[in-house]
Amino acid sequence: MVEEHGAFIEVHVATPLETCEARDRKGLYAKARQGLIPDFTGISAPYEAPEQPELRIDTSSLSPMEAAQEVFLYLLKEGYLDADPPTLCVPA
């Protein structure tokens with residue numbers, strides 16, 4: 000089914016649990032550890048990392064822009080994107 004709609008590229012955003020908890024502004028991890036949120040991935044439900052992603056990015060030391068750049072560069076390197084940037088058409 001995926002091939003009918005084009006290429007599928009699996010990107011694993013591999014952020015350690017400690018980093019996810021430190022970035023959690025809503026306090027969801029703390030609530031999950033208190034048992035208030037059942038089946039919370041990584042706390043009360045298992046987390047299964049992808050076995051063979053095309054790209055794995057550890058965001059613990061990257062900004063969102065740097066992580067996006069990793070994806071962009073991968074797509075460029077693998078030929079999914081053209082090296083020449085598109086020309087923007089701005090109405091006069």
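Residues in the sequence shown are numbered consecutively from 0, following numbering that gives the first Met the number 0. For each residue, glycine too, the CB sits at the ideal point set by N, CA and C. What you are looking at is a predicted structure, and each value in this text was computed from that prediction instead of being measured.
Asked, Found
"Does the beta-carbon of A21 have 16 or more other beta-carbons within 10 angstroms, so that it is buried, or is it exposed?", "exposed"
"Return the chain-ordered list of same chain residues with a C-beta closer than 6 angstroms to the C-beta of L16, the five sequence neighbours on each side being excluded.", "G41"
"Determine the contact status of Y73 and L54, defining contact as a CB-CB distance below 7 angstroms.", "yes"
"Who does H4 pair with in a DSSP beta bridge?", "DSSP lists no partner for H4."
"What is the DSSP secondary structure of D81, reduced to helix, strand or coil?", "coil"
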